[in-house]
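Engineer:
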Amino acid sequence: MTTASCILTLSELIPLAAGLFLLESFLGIIGGKPKHSLYFVGFQDNKLIHLDPHLMQDTVDTCRPDFPRQSYHCGCPRKLSFSSMDPSCALGFYCHKREDFDQLMKTLPAYLMPPANGRSYPLFTIDEGSRSSHLKKS
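Just so we're aligned: 747 in this note's numbering is position 76 of the sequence shown, and the numbers increase by one with no gaps anywhere.
1) Under a three-way DSSP split, which group does Leu-762 fall into?
2) Name the two residues that bound the continuous alpha helix (DSSP H) containing Phe-772.
3) By how many angstroms is the C-alpha of Leu-775 removed from the C-alpha of Gly-760?
4) On the criterion of 16 or more Cβ atoms from any shown chain inside 10 Å, does Gly-800 qualify as buried, or is it exposed?
5) If Phe-764 sits next to Leu-783, beta carbons under 8 angstroms apart, how far is it from one beta carbon to the other, in whole angstroms?
6) Would you check if the distance between the CB atom of Ala-688 and the CB atom of Ile-701 is smaller than 8 angstroms?
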């Protein structure tokens, strides 16, 4: 499966990215600002809610039934406006079973096209095949 990115304006990107967070199989966005990666896990209004993967935390033994849960929570959620986010990012999806993947492939196209704007550039495209089969076409 191969993806290809397209250039969209910020006003086109915001509703598309926000819509992806509504999908059950969507894990989030890895991106952020230049020289500072973040993991975006949700959104509120025109801001993305994020975790900083560089934040150090104590190791927790989750095998113990009474392990301390405070390392899973932050004092207050951090947010970044969509306009401050670097457009170079990766989108994460997880499909546990083949049926989940098939359902995602049926549902996803509706979330990839910006609202009617006179153009028809999707957020990204999905093609059948493998990397090697696409390289042979070149």
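We put the beta carbon where it would ideally sit given N, CA and C, even for glycine.
Structural biologist: Here's the rundown:
1) strand
2) 769-778
3) Residue identity check: residue 760 is Cys in the sequence provided, not Gly. Distance between the alpha carbons of Cys-760 and Leu-775 is about 20 angstroms.
4) exposed
5) In fact, because the Cβ distance is near 12 angstroms, the residues do not count as touching under 8 angstroms.
6) no
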